[in-house]
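Undergrad: The structure's right below; bear with me while I get my questions together.
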Amino acid sequence: MEVEGEINGDAMNQCLSSFIDESTIESHRYYLARKTVLEMLKDRGFAVPNSEIDLTLPQFRELYGPKPDVERLRVTTALVSDPSNKILVIFCGPH
1 MEVEGEINGD
11 AMNQCLSSFI
21 DESTIESHRY
31 YLARKTVLEM
41 LKDRGFAVPN
51 SEIDLTLPQF
61 RELYGPKPDV
71 ERLRVTTALV
81 SDPSNKILVI
91 FCGPH
């Protein structure tokens, strides 16, 4: 008798996410967070180049690596209408 979820009698107990490298998950989370921050800043009138927002995940990983250094992810920019009004965005580590 074949039970759903079993292949050749071996239960499939592992989730697909267990096959994904942790650094892949970490870099993807930072990629999404940084992209969202850049979009929010641009929407609020800050100077953000489209090239930064349009960065693809593979390009992000090429620039920052599979385990990005949070210091390198920081964003500093100014309002387009008032360059003296600046903002600094920092990212915290996973732990």
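When the letters of the sequence shown are read in order and numbered with full-length UniProt numbering, they come out as residues 1 to 95. Backbone N, C-alpha and C fix where the C-beta goes; we use that ideal spot for every residue, glycine too. Keep in mind the model is a prediction, meaning the values are calculated, not measured.
1) Given this structure, state the Cα-to-Cα distance separating Arg74 from Gly93, to the nearest angstrom.
2) Count the other C-beta atoms from every protein chain shown that fall within 10 angstroms of the C-beta of Arg61, then say buried if there are 16 or more, exposed otherwise.
3) Looking at the structure shown, is Leu79 part of a helix, part of a strand, or coil, going by DSSP?
4) What first and last residue would you give for the beta strand (DSSP E) that runs through Ile87?
5) Compute the beta-carbon to beta-carbon distance between Phe46 and Ile87, rounded to the nearest angstrom, for a pair I have assumed lies under 8 Å.
6) If you draw a straight line from the alpha carbon of Arg44 to that of Tyr30, how long is it in whole angstroms?
7) Exposed or buried, Ala11, counting other C-beta atoms within 10 Å across all chains shown (16 or more means buried)?
8) Quick check: what's the CA-CA separation for Lys67 versus Pro83?
9) Exposed or buried, which one is Leu38 when buried takes at least 16 other CB atoms within 10 Å?
TA: The relevant details are as follows:
1) The residue you call residue 74 lines up with position 74 of the sequence shown. The residue you call residue 93 lines up with position 93 of the sequence shown. Rounded to the nearest angstrom, the two C-alpha atoms are 12 Å apart.
2) Residue 61 sits at position 61 when you count from the first residue of the sequence shown. Buried, by the Cβ-count rule.
3) The residue labelled residue 79 in the question sits at position 79 within the sequence shown. Three-state DSSP puts Leu79 in a strand.
4) By one-based count along the sequence shown, residue 87 stands at place 87. Counting along the chain, the beta strand (DSSP E) containing Ile87 begins and ends at 86–89.
5) Position 46 of the sequence shown, counted from the first residue, corresponds to residue 46. Position 87 of the sequence shown, counted from the first residue, corresponds to residue 87. The Cβ separation is near 6 Å, so the contact holds.
6) As a working mapping, residue 44 is identified with position 44 in the sequence shown. As a working mapping, residue 30 is identified with position 30 in the sequence shown. The alpha-carbon atoms of Arg44 and Tyr30 are separated by roughly 21 Å.
7) Start at 1 with the first residue of the sequence shown, and residue 11 comes out as number 11. In this prediction, Ala11 has a pLDDT of 49, which is less than 50 and means its spatial position is unreliable; what the coordinates show is noted afterwards. Looking at its Cβ environment, which holds fewer than 16 other Cβ atoms inside 10 Å, Ala11 is exposed.
8) The count along the sequence shown starts at 1 and reaches residue 67 at position 67. The count along the sequence shown starts at 1 and reaches residue 83 at position 83. Distance between the alpha carbons of Lys67 and Pro83 is about 33 Å.
9) Counting from one through the sequence shown, the residue named residue 38 turns up at place 38. When all chains shown are included, Leu38 counts as buried.
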